[in-house]
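> I am attaching a structure below and will ask some questions about it afterwards.
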Amino acid sequence: MPSSFVRSTTICYMVLARYMFFFISPRISLNIRLLLCNFDVYLMPGRAVLHVEDDADYAEMFQLQMRRQARKAGSDPLMFETVPTLQKAYERCDDRAYDCVVCDYQLPDGNGLDFLGRYRSLHTHRPLIFLTGQGDESVARLAFKMGANDYFTKDDGFAVYERIYNAICTQIRHFEEGRVRRETERKLRSEQEWARTYFRLADVLMMGYDAAGTITHINDAGQRILGYSCEELHGVPFVCELHPPYEREDVRDVLERLRTSPPGTVITNENDMVTKDGKRRTFLWRNSAIFDEKGRITGFLASGMDITERTRQEMRIRHLNRLLDAMRSVNQLIAREQDASTLLQRACDIMVTSHGYADIHIALFNEDGSCRDFSPSSPGSDTPDMRKSLETKTLPPCMKRAMDQDRTVVVCRPDDICRTCAICDRHDPPQTTLVHRLSYAGRDIGVIFVRLASDCESCVQDVELFDEMAHDLSFALHSLELKASKNHAEKQLREDRTYYRTIMEASPIGIVTLDRDGRITHANTEAQRITGRSLETLKSMSFDDSAWDIKSNDGGHIPSSNLPFSIVRDRLRPVYDVRHTIRKDDTSIVLSINASPILDEHGLFRGMVATLTDKTSEMSRNDILTKMHQLMNEMLTAMDDHFYVVDSRYRIVMSNQLGCNYLPPDKRSDSFLCYRMIKGRGVPCDGCPVAEIFCNGMRSVNEHVTDDGSTFEVRYFPIFDDNDDVALVSCLSRDVSSFRELDRAHREKERILTHFSHVVSHHLKNYLAAIRCYAELQAEEGLGKEYAPLIIAAVDRMNAYVNSQLHLATAGKPVDTFHDVGLRDLLEKVADSYPLSVVVGDVPHVRGDPQRIEEVFSNLIHNAWKNGNAGRVEIFSTTDDEGIHVFVADDGHGIPPERTKRLFDKTQLSHGSGLGLLVAQEVMHAHGGSIRLKSTGPEGTVMELVFLHPQMKP
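So the sequence shown is numbered by this note's numbering: it starts at 78 and just counts up by one.
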């Protein structure tokens, strides 16, 4: 039952019981009276007050006076909850927090002071007011001492209740103000503690200044970085000896900008500072002024990050970038330059201009060690004596050392070592020289030596770059030599390939070659035709590529190790007439493969050459049909239903095992048996569904009852030939006896529930009629006239609700008799009942109960007119395999999005809202159809009804 219904019904009964209270026996129990008094606290919002009072009469009178005082003051009434004992008061206080507690002194299981002590231990600040009939001052003093907020004696005068009401309101207001004040103070203390903790733990330098700009605070990180204590820096001005002279003007400018900037301004600057030990460190500062509530500056806060190391790293990175730029330029030159002499000359120029070398010399050697080329960095740096010395194989000492090792030789003082060197003789004083051997794969190619423009202590990165560059040049020179040999070999190879390719292309059989990894390297035109793939596609594939979909002739999987390539590679001998299938376009073809290995000069496997022959046409059609028949039998055997296929001569041409078991034993040998001739008929019986399908090509569903009473549901499906004529009819038969039994049980249960709803409705109506009669008598005799109309109205609403629920319960009962219903006549009749335009399109006849179908359309048009403010409704239909679809479209404002998900949810009904759609849903389900929301929006709403085809049963 919906919660809204329970709540509204409960309210009606409680209101009725309260105003009939004066006519009930005075012996009514105390618990029931207290329940009536407590009901308001659960139903209405407001300030919750717990009233601990064992006298129900006084409690009710007290709350009445409090409501009277609230009306007099023009305020919302206090919401009272009354409990008669201390135990129940404890339970209520454990369950919820009340805005105020009013407690009597004398109670059945103790006194109010006991409750006060426990209440104050749980709620220190919440107000509690004492009421007592004794007027004992000692009790009052003790109550105030234990924490009571006020104390009153029970009195009949209105003035006492006015004071009590004012006291309750005042105490609640003071409690709320105090709670807000305590929460504000707590948050302030938390924020202050957070700020102090952050200032103390921050790992950046933080300094606080007063309004005059002198230091008042410095955090631990700042003291550690600068080396000064807080006492040493206290009172030091904003611009001081901590700043180098060249920074002070900029720092002073920052201070002036802070003084003139609005609140919230953050000024960022970067400057050096001098630590206590005299070191200079660079800081990145964020500065801001601190303002009071009047907008006056009370101080400044500066947060500085030590970026000294970052600055040094940036300088180092710039230097490394310059080195890398030179290396990148040389590598780019190596990648694109094809001439060795040009490569060496331009590499020298790049290293001189990009990195500042004084000059560079590169010498290249022949295999016998003689010099075959000498490249200086510029024509002016050429040295004839050095060239002559290299041609005679007379190397200077630094070059001899370099030729004996793989690392760079650094000559920091050439005047002490290279007195006889022709290069050093040209420079006065001699400069630092780097020398490195050019070699690759154990072969000496030459030597490179450079003269630096800087001293040895600053050339660590230069040595690393020089090592890397020497290796790159060695590789480049070696590659150029290999390329020359490669070009010659490639020329010869191209001539050989042209010869062999001519032979392959002229061959009438498919030929393919594979490398040692099994990847196709070439395929002639016939091989491309056989496989159905272009040469480019074949070159991207391997012998066991998944795209081949290789299988044996019987469709089994073939391991990669059993394929021709693997056999030839492992055995190094030819194979002949190996057959398997491959995928060609959307079909499989059978290949016959002859293959032979390709060996290198050492007898190692280099690849394979194979011939391909298409053997697909040699397969027998009977073999294909046999495989298809086996596959079909496996599929039929796995089916859980009885399956038959009937041809146009009404013969069963196929059935599964279940279908064969269903046939009578004397008919199982007859493979040409009409399904409807199981009992021995020789011709199709009247109304045979198979004959109807051959005529109209429409699928159908029928039932067949066997001699033992079992019910089989038989579904017939047409199978069309290429000319769209029915060639065969497939039949699926399933035993639905158990489902029918469940359906009968469901209908019996529905009948019982319908009968029960009638009985309940009958009794409820009788009771409601009696209550209404008594209420009308009271109204006529002048008793409770101001409340009697409310009782009558509530009873009327309950009666209407019961009627609507009864209507909803019976709306889904099954349709006993289905009639042919013309929707056009029915809709025109319904349209005459509403003041809006109803346009009926092409709608067919359906089968069902005319009155209940009329109710469905009436509810939909009523909703569009009343709830959607529609001025026009259009009704049209379509038909498909599911059934007949009837659409009701209006031009109203649509259904709110929050209601669309629960449009047909019975638990969401409220005061009858949405009942029409639920009734329509139940009626459509009773007809075997359905109703659903097709679309909704500002342009209107479209509802969709689905009726079964006339030949189908629900």
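Each residue gets a CB set at the ideal place from its N, CA and C atoms; glycine is no exception.
(1) Can you check DSSP and say which residues form a bridge with THR57?
(2) Runs of 3 residues minimum, wholly inside the segment 913–956: which ones carry the beta strand (DSSP E) assignment?
(3) State buried or exposed for ARG169, treating a residue as buried only when at least 16 other CB atoms are found within 10 Å of its CB.
(4) Would DSSP call GLU444 helix, strand or coil?
(5) Taking DSSP as the reference, what is the three-state secondary structure of THR261?
(6) Quick check on DSSP: helix, strand or coil for HIS1026?
(7) Quick one: is the Cβ of ALA236 within less than 7 Å of any heavy atom of the ligand HEM?
(8) If we count the other Cβ atoms within 10 Å of its Cβ and call it buried at 16 or more, is MET712 buried or exposed?
(9) Could you please give me the residues that DSSP links to ASP724 through a beta bridge?
(10) Using CA atoms only, rank isn't needed, just tell me which of ASP919, PRO912, GLU853, ARG520 is closest to ASN940.
(11) Quick check: the Cα distance between LYS906 and VAL916, rounded to an integer number of angstroms?
(12) Between ASP968, MET546, ARG929, which has its C-alpha nearest ASN944's C-alpha?
(13) If you run the structure through DSSP and keep just helix, strand and coil, what is GLN183?
(14) Could you name the residues that DSSP lists as bridge partners for ILE675?
(15) Specify, as a first and last residue, the run of the beta strand (DSSP E) that ILE292 falls within.
(16) Thinking C-alpha only, which one of MET428, LYS563, VAL965 is nearest ASP402?
(17) Among ARG358, SER365, GLY255, which one has its Cα closest to the Cα of ARG389?
(18) So ASP227 is in the beta strand (DSSP E); what residue range does that whole segment cover?
(19) Take SER556 as the anchor and find which of LEU515, ARG373, GLY587 has the nearest alpha-carbon.
(20) So with Cβ pairs under 8 Å, would you call GLU239 a contact of chain D?
(21) Applying the 10 Å Cβ sphere with the 16-neighbour rule, what's the burial state of GLN998?
(22) Assign GLY255 to one of three DSSP states: helix, strand, or coil.
(23) Who pairs with LEU361 in a beta bridge, going by DSSP?
(24) Since LEU649 and PHE620 should fall inside the 8 Å C-beta cutoff, what is the C-beta to C-beta distance between them, to a whole number of angstroms?
(25) Kindly list the residues whose CB is nearer than 8 Å to the CB of GLU769, restricted to its own chain and excluding five residues on each side of it in sequence; keep chain order.
(26) Where LEU111 and ARG173 are concerned, what is the direct C-alpha to C-alpha distance, given to the nearest angstrom?
(27) DSSP three-state call for PHE315: helix, strand or coil?
(28) Please classify ASP573: does DSSP put it in a helix, a strand, or coil?
(29) Does the separation of the CB atoms of PHE377 and TYR286 fall below 8 Å?
(30) Just how far apart, CA to CA, sit HIS294 and GLU270?
(31) Which partner residues of GLU1021 appear in the DSSP bridge assignment?
(32) Given a cut-off of 8 Å, decide if GLY194 and MET156 are closer than it, judged by their beta-carbon atoms.
(33) For SER67 versus VAL655, is the C-beta distance shorter than 8 Å?
(34) Label VAL782 either buried or exposed according to how many other C-beta atoms from any shown protein chain fall within 10 Å of its C-beta, with 16 as the threshold for buried.
(35) Just confirm the distance between the C-beta atoms of THR209 and TYR182, as a whole number of angstroms; I'd bet it's less than 8 Å.
(36) At a cut of 8 Å, does the segment 954–973 reach the segment 1015–1026 through at least three beta carbon pairs?
According to the structure data:
(1) The structure shown does not extend to residue 57, since the chain spans only 78 to 1031, so no value can be given for it.
(2) 914–917, 922–925, 949–956
(3) buried
(4) Coil.
(5) Of the three classes helix, strand and coil, the one that applies to THR261 here is helix, per DSSP.
(6) coil
(7) The ligand HEM is absent from the structure shown, which contains no ligands of any kind.
(8) Result: exposed.
(9) Paired residues: LEU805.
(10) PRO912
(11) The straight-line gap from Cα to Cα measures roughly 12 Å.
(12) ASP968
(13) For GLN183, the three-state secondary structure derived from DSSP is strand.
(14) Looking at the DSSP assignment, ILE675 forms a beta bridge with GLY684.
(15) 292–295
(16) Among MET428, LYS563, VAL965, the Cα nearest to that of ASP402 belongs to MET428.
(17) Restricting attention to ARG358, SER365, GLY255, the CA atom closest to the CA of ARG389 is found in ARG358.
(18) 227–230
(19) LEU515
(20) You won't find chain D in this structure, because it holds only one protein chain.
(21) buried
(22) helix
(23) Checking the DSSP bridge columns, you'll see LEU361 partnered with GLU347, MET382.
(24) 16 Å between Cβ atoms; not a contact.
(25) MET775, SER777
(26) Confidence in LEU111 is poor, its pLDDT being 41 and thus under 50, which makes the residue's placement too unreliable to answer from.
(27) coil
(28) helix
(29) yes
(30) 16 Å
(31) PHE964, ARG1009
(32) In this structure, GLY194 does not lie closer than 8 Å to MET156 by Cβ.
(33) It is not possible to answer for residue 67, since the shown part of the chain is limited to 78 through 1031.
(34) exposed
(35) For a cut-off of 8 Å, the C-beta gap from THR209 to TYR182 is around 4 Å, short enough to register as a contact.
(36) yes
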